[in-house]
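Novice: Quick one: this structure, given as structure tokens, is what I'll be asking you about.
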Amino acid sequence: MFEFSRIDFGKLLCLKENGPYRELNGLFVRLADYLNARGVSTRGDRMAIVYDDPFKISQDHMHYAAALELAGEVTGDGEMTVVVQPAGWVACETHQGPYTTLQETYDRLFKWVQEHGYRVTGPAREYYIDGRGPGSGDDSQAVTEIHLPVEKTEV
76 MFEFSRIDFG
86 KLLCLKENGP
96 YRELNGLFVR
106 LADYLNARGV
116 STRGDRMAIV
126 YDDPFKISQD
136 HMHYAAALEL
146 AGEVTGDGEM
156 TVVVQPAGWV
166 ACETHQGPYT
176 TLQETYDRLF
186 KWVQEHGYRV
196 TGPAREYYID
206 GRGPGSGDDS
216 QAVTEIHLPV
226 EKTEV
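For the sequence shown, the positions run 76 to 230 when our numbering is used.
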């Protein structure tokens, strides 16, 4: 289901990776351990920030970050970084099913953005609504919301 919505400002704790996308779930475990040790809670769903086009580069050599939205304050430690997710408009669509079929959803979303006079302004974000994520086991019933930050192009 396609949506066009405004997201709010938020602080994210991120752990970046250059490597296999299937290791994303392990990054979420490390983020949670880091926050639990500091007594900091999160809000929202697990999120991946995808810097590369996952359909044009090998999934073994991707540049991405696991991210959790902070409900409290933490500073990071060099490897773990706190970044600001700016408020803004996103085109989003919910994908239901295995991650191997995500490309179809991405293709529809990019096509909609182009056809309606928008341009993508940042990396894609994947929200794992059911708490899963690549590398977390059976994904046949996975629910993933894809967000593309966008702005209207000049006429």
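From the three backbone atoms N, C-alpha and C, an ideal C-beta is built for every residue, glycine too. Here the structure is a predicted model, which means the values were calculated and not measured.
Which residues does DSSP pair with Thr117 in a beta bridge?
Specialist: Translated into the one-based positions of the sequence shown, residue 117 becomes position 42. Leu145.
Novice: Spatial neighbours of Arg200 within its chain, please: C-beta separation below 6 Å, excluding the five flanking residues on both sides.
Specialist: In the sequence shown, counting from the first residue as 1, residue 200 sits at position 125. The residues are Met122, Ile124, His222.
Novice: Could you please give me the residues that DSSP links to Thr156 through a beta bridge?
Specialist: On the sequence shown, position 81 is the one that residue 156 refers to. The partner list for Thr156 (beta bridge, DSSP) reads Cys89.
Novice: Counting Cβ pairs, one atom from each stretch, are 3 or more of them under 8 Å apart for the region 90-109 and the region 207-222?
Specialist: With the cut-off at 8 Å, the region 90-109 and the region 207-222 touch.
Novice: Would you mind sorting His136 into buried or exposed? The rule is 16 or more other CB atoms within 10 Å of its CB.
Specialist: By 1-based counting over the sequence shown, the position of residue 136 is 61. Exposed is the call here.
Novice: Rounded to a whole number of angstroms, what is the C-alpha to C-alpha distance between Lys186 and Leu145?
Specialist: Residue mapping note: residue 186 aligns to position 111 of the sequence shown, counting from 1. Residue mapping note: residue 145 aligns to position 70 of the sequence shown, counting from 1. In a straight line, the C-alpha of Lys186 is about 32 Å away from that of Leu145.
Novice: Report buried or exposed for Val159, applying the criterion of at least 16 other Cβ atoms within 10 angstroms of its Cβ.
Specialist: The sequence position of residue 159 within the sequence shown is 84, counting from 1. Looking at its Cβ environment, which holds fewer than 16 other Cβ atoms inside 10 Å, Val159 is exposed.
Novice: Does the beta-carbon of His170 have 16 or more other beta-carbons within 10 angstroms, so that it is buried, or is it exposed?
Specialist: To locate residue 170, count along the sequence shown from 1; it is residue 95. The residue is buried, with at least 16 neighbouring Cβ atoms inside 10 Å.
Novice: Any idea which residues DSSP pairs His222 with across the strands?
Specialist: Within the sequence shown, the letter at position 147 stands for residue 222. Cys167, Arg200.
Novice: In angstroms, rounded to a whole number, what distance separates the CA positions of Ala112 and Pro173?
Specialist: For this step, residue 112 is matched to residue 37 along the sequence shown. For this step, residue 173 is matched to residue 98 along the sequence shown. Near 33 Å, if we compare the C-alpha coordinates of Pro173 and Ala112.
Novice: Using only CA atoms, which one of Val225, Tyr203, Gln216 lies nearest to Val188?
Specialist: Counting from one through the sequence shown, the residue named residue 188 turns up at place 113. Of the listed residues, the one whose Cα sits closest to Val188 is Val225.
Novice: Select from Ala140, Asp214, Val165, Val149 the residue whose C-alpha is nearest the C-alpha of Ile82.
Specialist: The residue you call residue 82 lines up with position 7 of the sequence shown. Among Ala140, Asp214, Val165, Val149, the Cα nearest to that of Ile82 belongs to Val165.
Novice: For Lys91, which option in Lys131, Glu148, Leu106 has the closest C-alpha, if you only look at C-alpha atoms?
Specialist: Residue mapping note: residue 91 aligns to position 16 of the sequence shown, counting from 1. Among Lys131, Glu148, Leu106, the Cα nearest to that of Lys91 is on Leu106.
Novice: Starting from Phe185, trace the alpha helix (DSSP H) in both directions and tell me its first and last residue.
Specialist: By one-based count along the sequence shown, residue 185 stands at place 110. Looking at the DSSP string, the run of the alpha helix (DSSP H) that includes Phe185 is 177-190.
Novice: Where does Ala162 sit, in a helix, a strand or coil, going by DSSP?
Specialist: Counting from one through the sequence shown, the residue named residue 162 turns up at place 87. Residue state, collapsed to three classes: coil.
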